[in-house]
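Data block below; observations after.
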Amino acid sequence: MEPLPAINTKREMTDRLVVWIGQQSLRRTFASIAEDIGLDEKTVRNIFRDYVNELEKTVRFETPTWMGIDEIHIIKPRCVISNIRSNTIVNLLPNRDKKTVINYLGNLDGRHDVQTVAMDMWVPYRDAVQAVMPDARIVIDKFHVIRAFTNWQPQILAYFDHPVTNAYTESLNSLIRVMNRLGRGYSFEALRAKILFTEGVHNKVRPKFRRREVMADDMAGRMATFTTFQHEAPEAEKNYGVDISTLARLIQEGRL
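Heads up: the sequence shown begins at 1 in our numbering, then just goes up one per residue.
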């Protein structure tokens, strides 16, 4: 067939519709989108997968200096990485074994800037952090201090020198389970994408501007004062991850 402008080369629909489906699929169930536009649910899933693959290439979160490592049970245990200072989610890993966590941490930009890592007493977490980030201080979350004190005494006592806690991350677990039930059992990949890439949930810090007054000639040749605005620092916008409070509100309101 003759190629047409604005028609997606991979699918028999407009590029605009493909983008719309991708955006909507982060907030709605695949079945509801398919019913609205008269497509097969499988087509919606495929468009969603392509859309997420593009987001994976472009969305980057800041590496937390205070990192939280926890797990959520979605079909099986999955590892959750959080930024404790910002109360944000940084990533969800497909499982919580040592190899997976080491691979993630080992490829993390700025991993040597991580100061503390809060976790429960899951040995693969401890071994992975010690292998990849030996200078980071491991802190056992206070809610797990009662169990296995003898085996984890150095890391447990570290809490008193570095009082960071993973409670905020763990509080999200029940909300994620609700979200998963509403979606009729999303795959891990689908649920992960909805959590990490939904528009409006990221905690971003934009470059600041500072006011500056300068003297210059005006249109009539007289000296006058003009106000200009400059970036306070040359850094680009920073994205610290998914704001847990915002994500929780969207889940409770049924908007995710």
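No residue lacks a Cβ here, since even glycine has one placed at the ideal position from N, Cα and C. All values derive from a computational prediction rather than experimental measurement.
Residue range of the beta strand (DSSP E) that includes residue i
{"i": "Lys10", "result": "Run containing Lys10: none; DSSP gives neither H nor E here."}
{"i": "Gly241", "result": "238 to 243"}
{"i": "Val90", "result": "88 to 93"}
Bridge-paired residues (DSSP) for residue i
{"i": "Met67", "result": "Asn83, Val117"}
{"i": "Ile72", "result": "Arg78"}
{"i": "Asn46", "result": "Its beta-bridge partners do not exist; DSSP assigns none."}
Where the alpha helix (DSSP H) through residue i begins and ends
{"i": "Asn203", "result": "Run containing Asn203: none in the alpha helix (DSSP H); it sits in the beta strand (DSSP E), 202 to 205."}
{"i": "Tyr104", "result": "98 to 106"}
{"i": "Arg126", "result": "123 to 132"}
{"i": "Ala34", "result": "30 to 37"}
{"i": "Glu189", "result": "188 to 197"}
Residue i - DSSP class collapsed to helix/strand/coil
{"i": "Val139", "result": "strand"}
{"i": "Gly110", "result": "coil"}
{"i": "Phe160", "result": "helix"}
{"i": "Gly254", "result": "coil"}
{"i": "Asn53", "result": "helix"}
{"i": "Pro3", "result": "coil"}
{"i": "Leu26", "result": "coil"}
{"i": "Ala148", "result": "coil"}
Cβ distance (whole Å) where residue i is taken to contact residue j below 8 Å
{"i": "Pro124", "j": "Arg78", "result": "Pro124 to Arg78, Cβ: 13 Å. No contact."}
{"i": "Met67", "j": "Val114", "result": "5 Å"}
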